[in-house]
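Residue numbers (the numbering used here): 1252 to 1543.
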């Protein structure tokens, strides 16, 4: 049985033990704390923010007596869930493109949008780099199990597709990719479990499990765009005051300190050394048909 989907549009097929690991991993971060009896807000977020938001939520809950329930997935999937259910108080995607879509669809309050942290695409491998991967070309070798996140619903999947396309490797990469995951977190899990040899993820992945993961920078000239995590209050919010309060907390000094303690830069100047001066910050990329 495959551990991930082989086509972006099909359902992910996990073996029982990977499914158990995924559920266990998410439950730790998503389960509300029963002792909180105060007001509740619900946050839909891209999974790249998981480590940071779990810590921020704990601190915010203790200081306010409120409860913050987190739902992590791919940024596109999180937005789709909010629109379908017409609920949720905050939306925190991993890239501006999905925030732009949320604005276009009327899901979030434009006046509430704030930038929180910056992300740079990178190659992720197992610690020690056993396959000797040093660049994009190595991901296309026949002996490398290369996995991507879905380009249509996950921010890093979209960035990976763009990187391959703009470096003339799109067609070959699409034929060589072993499978697609539903989130950045699932990509990381497959690396940790040894099911994948390499991924294109965010450079912060090395902080998720430093003993098991290693980051291989992509040549700066090969990276056309970098992303930033942003947040906004949902138009469906039943408690917009508390939602905005949590968003202000994330964007304030205490929130920035939490982001930075996990290796997430909150100042774009802190990542300039990783990219070229001409790199685009944010922006959009229209996905080619071969990735759909």
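Glycine residues also receive a C-beta, built at the ideal position from the N, C-alpha and C atoms. All values reported here derive from a predicted model rather than from experimental measurement.
Exercise for the section: Compute the distance between the beta-carbons of residue 1363 and residue 1501, then report whether it is under 8 Å. Expected result: Contact: no.
Exercise for the section: Express the C-alpha separation of residue 1510 and residue 1420 in angstroms, rounding to a whole number. Expected result: So the two alpha carbons sit approximately 33 Å from each other.
Problem - Three-state secondary structure (DSSP) of residue 1372 - result: Residue 1372 falls in the strand class under three-state DSSP.
Handout entry: Cβ-Cβ distance between residue 1468 and residue 1373 below 8 Å
Key = In this structure, residue 1373 lies closer than 8 Å to residue 1468 by Cβ.
Exercise for the section: Taking the CB atoms as reference points, tell me whether residue 1343 and residue 1482 lie closer together than 8 Å. Expected result: At a Cβ-Cβ threshold of 8 Å, residue 1343 and residue 1482 count as neighbours.
Practice task
Pick helix, strand or coil for residue 1459, following the three-state DSSP scheme.
Solution key: Of the three classes helix, strand and coil, the one that applies to residue 1459 here is coil, per DSSP.
Handout entry: residue 1310 to residue 1350 span [Cα, whole Å]
Key = Straight-line Cα distance between these residues: approximately 26 Å.
Exercise for the section: State the beta-bridge partners of residue 1192 as determined by DSSP. Expected result: The requested residue 1192 is not part of the displayed model; the chain covers only 1252 to 1543.
Exercise for the section: Enumerate in chain order the residues of its own chain whose CB-to-CB distance from residue 1494 is below 6 Å, with the five nearest sequence positions on each side excluded. Expected result: Only 1292, 1340, 1341, 1484 and 1488 meet the Cβ criterion.
Exercise for the section: Can you tell me which of the three DSSP states residue 1429 falls into? Expected result: Here residue 1429 sits in coil by DSSP.
Practice task
Rank 1380, 1461 and 1409 by C-alpha distance to the C-alpha of residue 1542 and give the top, closest one.
Solution key: The shortest Cα separation from residue 1542 among 1380, 1461 and 1409 belongs to 1409.
Problem - Residue from 1448, 1321 and 1327 whose Cα sits closest to the Cα of residue 1433 - result: Nearest of 1448, 1321 and 1327 to residue 1433, Cα basis: 1327.
Exercise for the section: Identify, in the order they occur along the chain, each residue of the same chain with its Cβ nearer than 8 Å to the Cβ of residue 1527, setting aside the five sequence neighbours on each side. Expected result: Same-chain partners within the cutoff: 1471, 1472 and 1474.
Handout entry: Bounding residues of the beta strand (DSSP E) (the contiguous stretch that carries residue 1400)
Key = Under the DSSP assignment, residue 1400 falls in the beta strand (DSSP E) whose first and last residues are 1397-1400.
Practice task
Can you tell me which of the three DSSP states residue 1392 falls into?
Solution key: Three-state result, residue 1392: coil.
Problem - Inter-residue spacing [alpha-carbon to alpha-carbon] between residue 1253 and residue 1446 - result: Below a pLDDT of 50, predicted positions are generally treated as unreliable, and residue 1253, at 39, falls in that range; no measurement from the model is reported.
Problem - Enclosing beta strand (DSSP E) for residue 1468 [first to last residue] - result: Residue 1468: member of the beta strand (DSSP E) spanning 1464-1468, first to last residue.
Exercise for the section: Going by DSSP, name the residue or residues bridged to residue 1531. Expected result: Beta-bridge partners of residue 1531 (DSSP): 1476.
Problem - beta strand (DSSP E) segment containing residue 1293, residue limits - result: In the DSSP annotation of this structure, the continuous segment of the beta strand (DSSP E) that includes residue 1293 starts and ends at 1291-1297.
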